[in-house]
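Novice:
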Amino acid sequence: MPKLSVLSEIQRKSMLMWPCIEHDDTPWTPMAKPLSESKVALVTTAGLHVRGDKPFIAEHTKGGDTSYRTIPRSAGAADIIQSHTSLGFDHTGIYRDVNVTFPIDRLQELVDQKMIGSLSYNYYSFMGALRDVTGIIEESGPEVARRLKDEGVDVVLLTPT
Amino acid sequence: MTTTGIVLIEEHAQRVKPPRMLAVPFFFGNALGEADNPEYQHQILAQTFGLLDRTEGPVLEQLPDDMVPDILMQGSETSNESQEKGLNAADELTSLRPYYEQWADSHSGRTGVGASSIPQRRFRGVVRFFEGYIEREETDMKERPQDSTVPQFIRNCMNDLKAFYYEARMAQRPDGADRDIHDWFWSETAMGSLTMNLAQRMRDDEDPETQAVAYGIAR
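Chains as they are written, first to last, in the numbering used here: chain E, 153 to 313; chain F, 28 to 246.
#1: Could you say which of E:F208, E:L262, E:A198, E:S270 lies nearest to T313 (chain E) if we only look at CA atoms?
#2: Where I288 (chain E) and T75 (chain F) are concerned, what is the direct C-alpha to C-alpha distance, given to the nearest angstrom?
#3: Which residue comes first and which comes last in the beta strand (DSSP E) that contains S277 (chain E)?
#4: What in chain F is Cβ-close to P312 (chain E), meaning under 7 Å?
#5: Enumerated in chain order, which unbroken segments of the alpha helix (DSSP H) with a length of 4 residues or greater are wholly contained in the segment 182 to 210 of chain E?
#6: Identify every run of the alpha helix (DSSP H) within the segment 205 to 230 of chain F, keeping only runs that are complete inside it and at least 4 residues long; order them along the chain.
#7: Name the chain F residues that come within less than 7 Å of P207 (chain E), Cβ to Cβ?
#8: Taking its Cβ as the centre, do 16 or more other Cβ atoms sit within 10 Å of G280 (chain E), making it buried, or is it exposed?
#9: Could you spell out the range, first to last residue, of the alpha helix (DSSP H) harbouring T237 (chain F)?
#10: Using DSSP with H/G/I as helix, E/B as strand and the rest coil, what is V95 (chain F)?
#11: Measure the C-alpha to C-alpha separation of R151 (chain F) and L120 (chain F) and round it to an integer number of angstroms.
#12: Indicate whether at least one CB of chain E lies closer than 8 Å to the CB of P201 (chain F).
#13: Since R258 (chain E) meets chain F, which of its residues come closer than 8 Å, beta carbon to beta carbon?
#14: How is G159 (chain F) classed by DSSP in three states: helix, strand or coil?
#15: So with Cβ pairs under 8 Å, would you call P255 (chain E) a contact of chain F?
#16: Between V308 (chain E) and chain F, is any beta-carbon pair separated by less than 8 Å?
#17: On a Cα-Cα basis, can you pick out the residue from E:M183, E:L168, E:H236 that is closest to R182 (chain F)?
#18: Compile a chain-ordered list of the residues in the segment 196 to 222 of chain F whose CB is closer than 7 Å to at least one CB of chain E.
#19: My output table needs one value for V296 (chain E): the three-state DSSP class, helix, strand or coil.
#20: Tell me, please, whether the CB atom of M183 (chain E) is closer than 8 Å to any CB atom in chain F?
#21: Suppose the cutoff is 6 Å on Cβ atoms and the five residues either side in sequence are ignored; what does the same chain contact list for E236 (chain F) look like?
#22: Just how far apart, CA to CA, sit R124 (chain F) and Y193 (chain F)?
#23: Could you confirm whether any beta carbon from chain F is found closer than 8 Å to the beta carbon of T218 (chain E)?
#24: Can a CB atom of chain F be found closer than 8 Å to the CB of M169 (chain E)?
#25: Leaving out the 5 sequence neighbours to the left and right, which residues in its chain are closer than 6 Å to M48 (chain F) when beta-carbon positions are compared?
#26: Please classify Q173 (chain F) as buried or exposed, where buried requires at least 16 neighbouring CB atoms within 10 angstroms.
#27: For T216 (chain F), count neighbouring Cβ atoms within 10 angstroms of its own Cβ and tell me buried if that reaches 16, exposed if not.
#28: I believe M185 (chain F) touches I244 (chain F) by the beta-carbon criterion, under 8 Å. Please report the beta-carbon distance rounded to the nearest angstrom.
#29: Verify the CB distance criterion: does V177 (chain F) have a CB-CB separation below 8 Å to chain E?
#30: What residues of chain F sit near E290 (chain E), judged by a beta carbon separation below 8 Å?
#31: Any idea what DSSP makes of A50 (chain F), helix, strand or coil?
#32: Leaving out five residues on either side along the sequence, give the residues of the same chain with a beta carbon under 6 Å from the beta carbon of R203 (chain E).
#33: If you draw a straight line from the alpha carbon of T166 (chain F) to that of T29 (chain F), how long is it in whole angstroms?
#34: Which residues bound the alpha helix (DSSP H) around P65 (chain F)?
#35: In whole angstroms, what separates the C-alpha of Y242 (chain F) from that of A226 (chain F)?
#36: For a contact defined as C-beta to C-beta under 7 Å, what are the partners of T30 (chain F) on chain E?
What follows is the structure in structure tokens.
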């Protein structure tokens, strides 16, 4: 997002008052090995999913949809669509090129260049713009983390939309 | 596991305190800066993965602020000329269909259309459904999944219609700037006008879910 100072007053206030959680500290996991030897996974809050999978829904009364979707790494750009519950922002970029928010081709290129060791079999997608993330903290987040660990993932790249 | 990532709202990362984040000055939907620009996307990734070398955190670093983007117009900030020109969304859809199909063909089937599962050749029926809904008629579509509420179904349909329009326009104007496509949709098309009317109808509804979908569709 651009600096809040260049947004309209209503957008600036909306962003500043967004009920995101506040932490006093940060969980810290240092790198166990070089990136060139690490298995990398991609996790996004862009509301993406494989074509035909269940779209994310606008569960306003629950603070948003805290479920997740699995996107196999083998899924090509043509297989991935976005059902982010906000359509009020510009989607042109992702229509043109899914990599602008979900860099599947860029990561493969980094593997080809031996900058990254390998990629996980599955990537994961959540909805962004949630007003209540309890469901992610207590359920879907730990579940995805377990699946990533089970696959031996070393590094997770997080992207928004 | 070690994490690194990109954040669009730096102020939110300051509160959440994730371990490593690169704050970027791009608009929603463009976390890696620019579509169809692999070189620039790799620069963003290099900066993001570069944070993995840090030995303590939280790390919240800003991308050098040399790409201040335009402010995108919202639908409510413009006047739509389509009604004065006598345009209607159903005919507009038909006239744009060859361009949409050209876009899909030239991108190996890659399309943002698909959330509603309604084939694009049946989108005129979606327009009629929307028009009836705006007039508060008893209206629905047999294609609506049973586990999808009417507001959710409307949102998925509108998602598809916008994708259809944007992709058709990108086929018409391959060199057009994203902002120009956005402005065209809201200022000139009958679908932009229909979207604003639909959003207003949903905002006026007493159901909170319906009101929430309205905000997502147009503001």
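For each residue, glycine too, the CB sits at the ideal point set by N, CA and C.
Specialist: Quick look at the numbers:
#1: As a first step, residue 313 (chain E) is located in the first sequence; it is residue number 161 there, counting from the start. Among E:F208, E:L262, E:A198, E:S270, the Cα nearest to that of T313 (chain E) belongs to E:A198.
#2: Counting from 1 along the first sequence, the entry for residue 288 (chain E) is found at position 136. Counting from 1 along the second sequence, the entry for residue 75 (chain F) is found at position 48. Approximately 24 Å between the Cα atoms of the pair.
#3: In the first sequence, counting from the first residue as 1, residue 277 (chain E) sits at position 125. 274 to 278 is the extent of the beta strand (DSSP E) around S277 (chain E).
#4: Residue mapping note: residue 312 (chain E) aligns to position 160 of the first sequence, counting from 1. Under the 7 Å cutoff, chain F gives I33, V34, L35, A58.
#5: Qualifying alpha helix (DSSP H) stretches: none in this window.
#6: Segments of the alpha helix (DSSP H) lying fully in the segment 205 to 230 of chain F: 205 to 215, 217 to 230.
#7: Position 55 of the first sequence, counted from the first residue, corresponds to residue 207 (chain E). What P207 (chain E) touches in chain F: A142, N183.
#8: On the first sequence, position 128 is the one that residue 280 (chain E) refers to. Its Cβ being crowded by 16 or more others within 10 Å, G280 (chain E) is buried.
#9: For the purposes of this step, residue 237 (chain F) is identified with residue 210 of the second sequence, where counting begins at 1. It spans 235 to 244 - the alpha helix (DSSP H) in which T237 (chain F) sits, taken as one unbroken run.
#10: Translated into positions along the second sequence, residue 95 (chain F) becomes position 68. Residue placement at V95 (chain F) is poorly supported in this model, since its pLDDT is 47, which falls under 50; the coordinates still yield a value, given next. Coil.
#11: As a first step, residue 151 (chain F) must be located in the second sequence, where it is residue number 124. As a first step, residue 120 (chain F) must be located in the second sequence, where it is residue number 93. Between R151 (chain F) and L120 (chain F), the C-alpha separation is close to 7 Å.
#12: Within the second sequence, numbered from 1, the residue matching residue 201 (chain F) stands at position 174. It does not; no Cβ of chain E falls within 8 Å.
#13: Start at 1 with the first residue of the first sequence, and residue 258 (chain E) comes out as number 106. Per Cβ cutoff of 8 Å: L59, P65, Q68, H69, L72.
#14: Translated into the one-based positions of the second sequence, residue 159 (chain F) becomes position 132. Note: G159 (chain F) maps to helix in three-state DSSP.
#15: As a working note, residue 255 (chain E) is residue 103 in the first sequence. So, interface residue.
#16: Residue numbering aside, residue 308 (chain E) sits at position 156 when the first sequence is read from its first letter. Yes - at least one Cβ of chain F is within 8 Å of the one on V308 (chain E).
#17: Residue mapping note: residue 182 (chain F) aligns to position 155 of the second sequence, counting from 1. Looking from the CA of R182 (chain F), the closest CA among E:M183, E:L168, E:H236 belongs to E:H236.
#18: M197, D205, I208, H209
#19: If you number the first sequence from 1, residue 296 (chain E) lands on position 144. V296 (chain E) falls in the helix class under three-state DSSP.
#20: Mapped onto the first sequence, residue 183 (chain E) falls at position 31. True, the Cβ-Cβ gap to chain F drops below 8 Å.
#21: The count along the second sequence starts at 1 and reaches residue 236 (chain F) at position 209. Taken in chain order, the residues that qualify are P178.
#22: Counting from 1 along the second sequence, the entry for residue 124 (chain F) is found at position 97. Counting from 1 along the second sequence, the entry for residue 193 (chain F) is found at position 166. Looking at the two C-alpha atoms, the distance is approximately 12 Å.
#23: As a first step, residue 218 (chain E) is located in the first sequence; it is residue number 66 there, counting from the start. T218 (chain E) does not count as touching chain F.
#24: Translated into positions along the first sequence, residue 169 (chain E) becomes position 17. No, its Cβ sits nowhere closer than 8 Å to a Cβ of chain F.
#25: Residue 48 (chain F) sits at position 21 when you count from the first residue of the second sequence. Around M48 (chain F): G32, V34, A40, L87.
#26: Taking the second sequence and counting its residues from 1, the one referred to as residue 173 (chain F) is at position 146. Label assigned to Q173 (chain F): exposed.
#27: Locating residue 216 (chain F) in the second sequence gives position 189, where the first residue counts as 1. So T216 (chain F) ends up on the buried side.
#28: For the purposes of this step, residue 185 (chain F) is taken as residue 158 along the second sequence, with counting starting at 1. For the purposes of this step, residue 244 (chain F) is taken as residue 217 along the second sequence, with counting starting at 1. Their Cβ separation, rounded to whole angstroms, is 5 Å, which keeps M185 (chain F) and I244 (chain F) in contact under 8 Å.
#29: Against the second sequence, residue 177 (chain F) aligns to sequence position 150. Closer than 8 Å: no.
#30: In the first sequence, counting from the first residue as 1, residue 290 (chain E) sits at position 138. Chain F residues near E290 (chain E): none, gap ~17 Å exceeds 8 Å.
#31: Here the question's residue 50 (chain F) lines up with position 23 in the second sequence. Three-state DSSP puts A50 (chain F) in a strand.
#32: As a working mapping, residue 203 (chain E) is identified with position 51 in the first sequence. Same-chain partners within the cutoff: D231, I233.
#33: For this step, residue 166 (chain F) is matched to residue 139 along the second sequence. For this step, residue 29 (chain F) is matched to residue 2 along the second sequence. Roughly 50 Å separates the two Cα atoms.
#34: For this step, residue 65 (chain F) is matched to residue 38 along the second sequence. Unbroken alpha helix (DSSP H) run through P65 (chain F): 65 to 77.
#35: Locating residue 242 (chain F) in the second sequence gives position 215, counting from the first residue. Locating residue 226 (chain F) in the second sequence gives position 199, counting from the first residue. Straight-line Cα distance between these residues: approximately 7 Å.
#36: By one-based count along the second sequence, residue 30 (chain F) stands at place 3. Chain E residues near T30 (chain F): V308, L310.
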